[in-house]
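Single-structure report; data block below.
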Amino acid sequence: MTLHHLMAARTARFVFCLISTLIAGAFHVSAQKFVVAPFNFNIQNGSYTPASTDAKALAAVKTEIPAQTFMDKPDPDLSLIYPRPGGILLFKSMKKTDEAHIAGKLVNPSLAIVDTIFHNQVYNQKVNGQDNFTFDLWYSVVIDGKHYYTDFRPHTFDYRYPLVYHKQLFMVASQDRGYDMYADKGYPEYFHIAVFDMQNGGIKTRFVSEELPFQYGNEFLDESDNVIKSQYNEKDHTFRIEIEGLNETYKGIWDGKVLKHLNN
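Structural data, given as structure tokens:
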């Protein structure tokens, strides 16, 4: 076996071991995640105002929490937190009205592990005769080993593909918007592409896209639906991906360094 083939074989074994760990949690919620009151049907009149995106509180907070960009042992409950412009607040507890419980603000995309989801309350308010549901829904997340609380919804990784030549992991993340009283189930939107360098069994963030320029529109995104299609070109080592929505389809190509949108 030549040196080239030996290195290729070792790389393939490394990628296989890493992806075997990652892929287990790609489309199913891990049993390790704890859900508190998953369906609270004691619906109250009114609406919920998220605390993590409160503009006044964000402007007053100066402490920035560093984003996690490396994980030495990827967890099945791995998520992506992609903050809005200006950042989101992370809390020491769910006591959102107590300023002392604000840990700081996260301004950059971060890896995170969701360990608990708190479904506290469902609210409904009629808007133009239509039901408008909002949710007091909180997440306990771990960023670089530290626990925080937020009512900003993390993005889940819907698709993972190992790019062996580039030693990268290509992933698609989205944020479930929910429907009716089901707060965090269905209608994924706000898609992002994230690419990670694979390093000694761990992953390090290389690239996270802005929100992809398309609307998905379908109720669910599942591996069996085959709505995400991809093709790897061995000649130029480019990777094409399509996400087929209800009325729109996103098309893009990644060359190992740059993501190019092909829709226009």
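Heads up: the sequence shown at position 195 corresponds to 278 in my numbering, and the numbers run straight through without jumps. Note that CB positions come from ideal geometry on N, CA and C, so glycine has one too.
Have a look at residue 127 and residue 208 and give me their C-alpha separation to the nearest angstrom.
-> 9 angstroms
Cβ-based neighbour list, residue 174, same chain, cut-off 8 angstroms, excluding 5 preceding and 5 following | 134, 135, 184, 185, 186, 231, 232, 233
Residue 279 and residue 252 look like a contact to me (Cβ under 8 angstroms); what is the Cβ gap, rounded to whole Å?
-> 5 angstroms
Terminal residues of the alpha helix (DSSP H) in which residue 183 lies = That residue, residue 183, is in no alpha helix (DSSP H); it is neither H nor E in DSSP.
Select from 220, 224, 311, 228 the residue whose C-alpha is nearest the C-alpha of residue 266.
-> 220
Classification of residue 223 by the beta-carbon crowding that lies within 10 angstroms, buried from 16 upward | buried
Simplified DSSP state of residue 141, which is helix, strand or coil = helix
Would you call the region 323-342 and the region 291-306 in contact, with 3 or more CB pairs under 8 angstroms?
-> yes
Pick out whichever of 299, 287, 205 has its Cα sitting closest to the Cα of residue 132.
-> 205
For the region 176-225, which segments carrying the beta strand (DSSP E) assignment without a break, of at least 3 residues, lie completely within its bounds, in sequence order?
-> 185-189, 193-210
Span of the beta strand (DSSP E) around residue 160 | Note, residue 160: premise wrong, no beta strand (DSSP E); not H, not E.
Using a Cβ-Cβ cut-off of 8 angstroms (strictly less than) and excluding sequence neighbours within five positions of residue 141, which residues of its own chain qualify?
-> 169, 170, 171, 172, 188
Could you check which residue in 159, 177, 212 has the C-alpha nearest to that of residue 195?
-> 159
Take the Cβ of residue 155 as the centre, count every other Cβ of all protein chains shown within 10 Å, and call the residue buried at 16 or more, exposed below.
-> exposed
So, residue 236 versus residue 213, is the Cβ gap smaller than 8 angstroms?
-> no
Best match in 150, 270, 130, 319 for proximity to residue 287 [C-alpha to C-alpha] | 150
Between residue 163 and residue 256, what straight-line distance do the alpha-carbon atoms span, to the nearest angstrom?
-> 7 angstroms
Interface flag, residue 252 vs chain B, CB-CB below 8 angstroms | Checking the listed chains, one finds no chain B in this structure; it contains a single protein chain.
Classify residue 265 as helix, strand or coil using the three-state DSSP reduction.
-> strand
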